[in-house]
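Visitor:
Protein chains: 2
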Amino acid sequence: MITHTVFFTLKHPSDSTEANQFFDAARELAAIPGVQQFTCLKQISPKNKFDFGLSMVFDTQALYDQYTNHPDHTRFVAQYWTSNVADFMEIDYQSF
Amino acid sequence: MITHTVFFTLKHPSDSTEANQFFDAARELAAIPGVQQFTCLKQISPKNKFDFGLSMVFDTQALYDQYTNHPDHTRFVAQYWTSNVADFMEIDYQSF
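Residue numbers (UniProt numbering), protein chains in the order written: chain A, 1 to 96; chain B, 1 to 96.
What follows is the structure, encoded as structure tokens:
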């Protein structure tokens with residue numbers, strides 16, 4: 001079980017049309033095979049620079065890799081991520 | 001519902017006595033009132049500098065604040081966190 005998260009800032013205000021369209025498009029990533037518990041996150045700690053996050057869970061690394069290479073994911077990155085995200089950090093983890 | 005996470009590197013090797021003692025002490029934080037779903041995490045993405053994480057959930061900000069100020073938490077910070085953690089970042093979030 002791998003949790004994949006990414007935390008980020010957007011180039012546009014949180015309540016802008018662009019931001020809403022970005023999250024509408026992001027939520028469609030939940031339909032990619034292998035994606036579980038897809039969640040859009042509002043980052044609320046003042047101790048880092050990020051405003052938002054996305055979180056999802058994969059049963060295996062193979063399913064995670066399949067998601068990364070899935071055309072719906074690469075299309076999201078090309079159409080929405082690159083044009084909307086100002087800064088980001090990926091964090092992936094397993095419990096122990 | 002607030003998820004509180006912190007990602008960090010340790011001053012000692014992952015398999016050292018110091019690291020094991022650190023996580024044994026960290027797991028006792030789960031007993032502080034209000035703490036739910038306490039989990040020790042191994043950070044596995046090569047795209048950031050952190051090796052480990054801790055994650056927990058609080059129903060309310062008041063319970064989160066109570067945890068922060070709880071003597072068992074402040075004792076853990078003084079006895080284990082400061083002497084073992086080399087670098088860290090806190091990330092807190094709510095789903096939307």
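In this text, a Cβ means the ideal position worked out from N, Cα and C, and glycines have one as well.
Sort out for me which residues DSSP pairs H73 of chain B with in a bridge.
Guide: Per DSSP, none; premise fails for H73 of chain B.
Visitor: Consult DSSP for S95 of chain A and reduce its assignment to one of helix, strand or coil.
Guide: It is a strand residue.
Visitor: Out of curiosity, what's the CA-to-CA distance linking Q36 of chain A and Y80 of chain B?
Guide: Taking the straight line from one Cα to the other gives about 35 Å.
Visitor: From what residue to what residue does the alpha helix (DSSP H) around F22 of chain B run?
Guide: Segment T17 to R27, the alpha helix (DSSP H) holding F22 of chain B.
Visitor: Thinking just about the alpha-carbon of each residue, which of B:A78, B:T17, B:I44 and B:H73 is nearest to the one in F8 of chain B?
Guide: For the residues B:A78, B:T17, B:I44 and B:H73, the minimum Cα distance to F8 of chain B belongs to B:I44.
Visitor: Bridge partners for H12 of chain A per DSSP, in chain order?
Guide: In DSSP, H12 of chain A forms no bridge with anything.
Visitor: Given F50 of chain A, which residues of its chain have a CB within under 8 Å of its CB, disregarding the five upstream and five downstream residues?
Guide: F7, F8, T9, Q43, D87, F88 and M89.
Visitor: Would you call F96 of chain A buried or exposed, if buried means 16 or more other Cβ atoms sit within 10 Å of its Cβ?
Guide: It counts as exposed.
Visitor: In the DSSP assignment, what residue or residues form a beta bridge with S55 of chain A?
Guide: Its beta-bridge partners are A:T5 and A:T39.
Visitor: How many Å lie between A25 of chain A and I91 of chain B at the Cα?
Guide: Using only the alpha carbons, I get a separation of about 24 Å.
Visitor: In chain A, which residues lie with their C-beta within 9 Å of the C-beta of F8 of chain B?
Guide: Simply none; closest approach about 11 Å.
Visitor: Are the Cβ atoms of H73 of chain B and L29 of chain B separated by less than 8 Å?
Guide: Result yes, Cβ atoms of H73 of chain B and L29 of chain B sit closer than 8 Å.
Visitor: Could one say the Cβ of Y67 of chain B lies closer than 8 Å to chain A's Cβ atoms, at least one of them?
Guide: Judged by the 8 Å Cβ criterion, Y67 of chain B is not in contact with chain A.
Visitor: Could you check the C-alpha separation between F22 of chain B and E18 of chain A for me, to the nearest Å?
Guide: Distance between the alpha carbons of F22 of chain B and E18 of chain A is about 44 Å.
Visitor: Residues of chain B with a CB under 8 Å from the CB of N48 of chain A: which are they?
Guide: Within 8 Å Cβ-Cβ: M89, E90 and I91.
Visitor: Checking the sheet assignment: what are the DSSP bridge partners for F88 of chain B?
Guide: Its beta-bridge partners are B:F8.
Visitor: Can you give me the C-alpha to C-alpha distance between V57 of chain A and L63 of chain A, rounded to a whole angstrom?
Guide: Rounded to the nearest angstrom, the two C-alpha atoms are 10 Å apart.
Visitor: Considering only residues of the same chain and omitting the five flanking positions on each side of D15 of chain A, which have a CB-CB separation below 6 Å?
Guide: Cβ within range, chain order: n/a, list empty.
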